[in-house]
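Sequential numbering from 15 applies to the sequence shown in the working numbering.
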Amino acid sequence: MEPLKILYEDAHLVICCKPVGVLSEDSESGRCMPQLLREHYLAQGQKNLYIATVHRLDKITGGVMVFSRRREVTGKLTAALQAHELVKEYLAVLRGHPQEPAATLTDLLFRDAGQELGREDYERLITAARESGRERIALVMETICATGIRVSEVRYITVEAAKEGRTTISLKGKIRTILLPGKLCRRLLKYAKKQKITSGEIFLTRGGKPMGRCQIWAEMKRLCQKADVEPSKVFPHNLRHLFATIYYRVYKDIAKLADILGHSSIETTRIYLMTAGQEHRRQLERLQLV
């Protein structure tokens, strides 16, 4: 990958060009701009590695982006964006001549229904896991879905955390406290006792090593047939999406949800709340305006 093209930077923010094919926000699924910027500043010997995405561009889009380098600056830039004090301008480059004077642009307003994990799908996966004697993966799925943590944050679920009902997660330069539901804590402690785990991480392999994301992904996929759930819907990150959508439906507090999920930008949280077209249609019908 070519070196980052930085247009402006100071102690508070950095403006640079996002290449096509690179994610604009922190992600576990590929190269992303915040991580590239952290690596850039780390190579310079700088200690401040805080990078927060203020706005986003789709992976397939390239362009100029602004990133915050101070936590207090993030809120100010986000507020300026919401107040339309910052303006985003998009340019489209066409090759050749369009065959039609008008066409339909398919955007990301709705999630692909074929990849949306519903609550019933989730419950069938949990049931299938327990009926197969796979208590560990059942608990892993319940933990992610009941708290909204990332699969990479499962390592912060310890015996001590289950006893206290909370865990502190430090990841990607950000620290947040996650509360654990009482019912989940009781199940975690019961499992830990059965496995003779008295301290530290709860989700371990037979060799005593922490479970990795690939293993969690593979064990979830093995449940698809028994649970009668489409494999395209079954992957760890979808449990986090399910938590976000259910939380928002109940409490309608996107700012609090962003804090729980560890998002620096509410725009990221808004993407999590996209629903399939069928759900949007049901919402329109309930308005009864016709």
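Cβ atoms here follow ideal geometry from the backbone N, Cα and C, with glycine treated the same way. Quick caveat, the model's predicted, so the values are computed rather than measured.
Excluding five sequence positions before and after Ile183, the CB atoms of its chain that fall closer than 8 Å to its own CB belong to Ile163, Glu167, Tyr170, Ile189, Arg190, Thr191, Ile192, Gly276, given in chain order.
Annotation for Gly77: the continuous beta strand (DSSP E) segment containing it runs 77-82.
With a cutoff of 8 Å on beta-carbon distance, Phe249 and Met234 are scored as near each other. Taking a contact as a CB-CB distance under 8 Å, the pair Val264 and Ile216 does not count as one, their CB atoms being some 27 Å apart.
Annotation: Ala258 to Ser278 spans about 15 Å, alpha carbon to alpha carbon.
In the DSSP annotation of this structure, the continuous segment of the beta strand (DSSP E) that includes Lys188 starts and ends at 188-193.
Here the C-alpha atom of Met47 lies approximately 6 Å from the C-alpha atom of Glu39. Between the alpha carbons of Gln209 and Thr219 lies a distance of about 11 Å.
With respect to the 8 Å criterion, Leu71 and Lys32 are classified as neighbours on the basis of their beta carbons. Selection Ala94, Trp231, Val107 evaluated against Ile158 yields Trp231 as nearest (Cα-Cα). With contacts defined by Cβ atoms closer than 8 Å, Arg85 and His26 do not form a contacting pair. Its chain contains Arg138 as the residues whose beta carbon lies nearer than 7 Å to that of Asp242, once the 5 sequence neighbours on both sides are disregarded; these appear in chain order. Classified as buried, Ala66 has 16 or more neighbouring CB atoms from the shown chains inside 10 Å of its CB. Rounded to whole angstroms, the separation of the alpha carbons of Ile29 and Val78 is 7 Å.
Within a 10 Å sphere around the beta-carbon of Ser246 sit fewer than 16 other beta-carbons, which makes this residue exposed. Looking at the DSSP output, Ile183 bridges to Arg190.
Where Leu95 is concerned, the enclosing alpha helix (DSSP H) starts and stops at 85-96.
Cβ atoms of Tyr262 and Leu271 come within 8 Å of each other, at about 6 Å. Note on geometry: alpha-carbon atoms of Gly128 and Leu256 lie some 14 Å from one another.
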